[in-house]
Every structure is written in C-alpha cells, then in structure tokens.
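Everything below concerns the one structure shown next.
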Amino acid sequence: MPKVLVTELGKIEIAEDVISMVAGHAALDCYGLVGMASRKQVKDSITELLGRENLSRGVQVRTEGDEVIVDMYIIVSYGTRISEVAHNVMDKVKYTLETYLGLKVEQVNVIVQGVRVTGER
Numbered sequence: 009m010p011k012v013l014v015t016e017l018g019k020i021e022i023a024e025d026v027i028s029m030v031a032g033h034a035a036l037d038c039y040g041l042v043g044m045a046s047r048k049q050v051k052d053s054i055t056e057l058l059g060r061e062n063l064s065r066g067v068q069v070r071t072e073g074d075e076v077i078v079d080m081y082i083i084v085s086y087g088t089r090i091s092e093v094a095h096n097v098m099d100k101v102k103y104t105l106e107t108y109l110g111l112k113v114e115q116v117n118v119i120v121q122g123v124r125v126t127g128e129r
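Pasting the structure below:
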C-alpha cells in the first residue's frame, strides 16, 4: 500500500518499493556493511547477498497510519562491531527517508543475516 502525503497543492503517493530502494541505497553507504541479504534464508542458513538491482528484496516496509516501520536485512563485514554497523544503518536510513521523502519513520529494525570476510563476495 503506497504512503500518501497530502499537501496544499495535492496528494503525493510513494510506493513501498520506492521507500525500500531509497532505504537500501542509504544503508549501502554505511561502513562495515557488505550488502543487503534476502529476507528469506536460503537453504542450510546460507544467506544470499543481493546486488544493487535487488536492494528492495532486503528491505521490508510497513505503514501504520502516518508512520513508517522499516526492517533491514543486512550482511556485515567480518571484524567490524556489529552493533555499531547496525546503529549506523538505523540512523542513516531514518535520516534519509525523513529528509528526502518527507516520511515520519517510527522504527528502523536491523536483522543481521550474516557476516562475510570482505573480498569474499
């Protein structure tokens, strides 16, 4: 269901796929993030690393009233502090969605699906 913003000039509808793509691109700017993971675990708990064209598959967006809740499924780099990477992703995604799309972001939840040695992609 698209997010609807009403202004004095009319109404703006932002599709959840657009919100997902913006959130995914914002997350990729964070240090320690290898990439986005698929929301579904591939067999034997191996996570699929998504390319830039499939970023929205690693992001789930829910709208509740005026607020947006975003779930980010990520893969972090080995040797980085996972909690710091997760907090950076939360801050960056919230800031980006509020600044560029004008949305009120209630929560950004980060689900770490895996750890990879950089260069192992």
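So for the sequence shown, our numbering puts the first residue at 9; every next one is plus one.
Just so it is clear, CB atoms sit at the ideal spot from N, CA and C, and this is done for glycine as well.
Values in this document were obtained by computation on a predicted structure and should not be read as measured data.
- Here DSSP, grouped into helix, strand and coil, assigns E16 to coil.
- Two segments are said to touch when three or more pairs of C-beta atoms, one from each, lie closer than 8 Å; by this definition the segment 12-25 does not touch the segment 85-103.
- The Cβ-Cβ distance between V67 and D79 falls below 9 Å.
- Taking 8 Å as the upper bound for CB-CB distance, G40 and V93 are in contact here, some 4 Å apart.
- Around the Cβ of M9, a 10 Å sphere holds fewer than 16 other Cβ atoms; the residue is exposed.
- From the listed residues A34, C38 and E72, the smallest Cα separation to S91 is found for C38.
- The Cβ atoms of K112 and A34 do not sit closer than 9 Å to each other.
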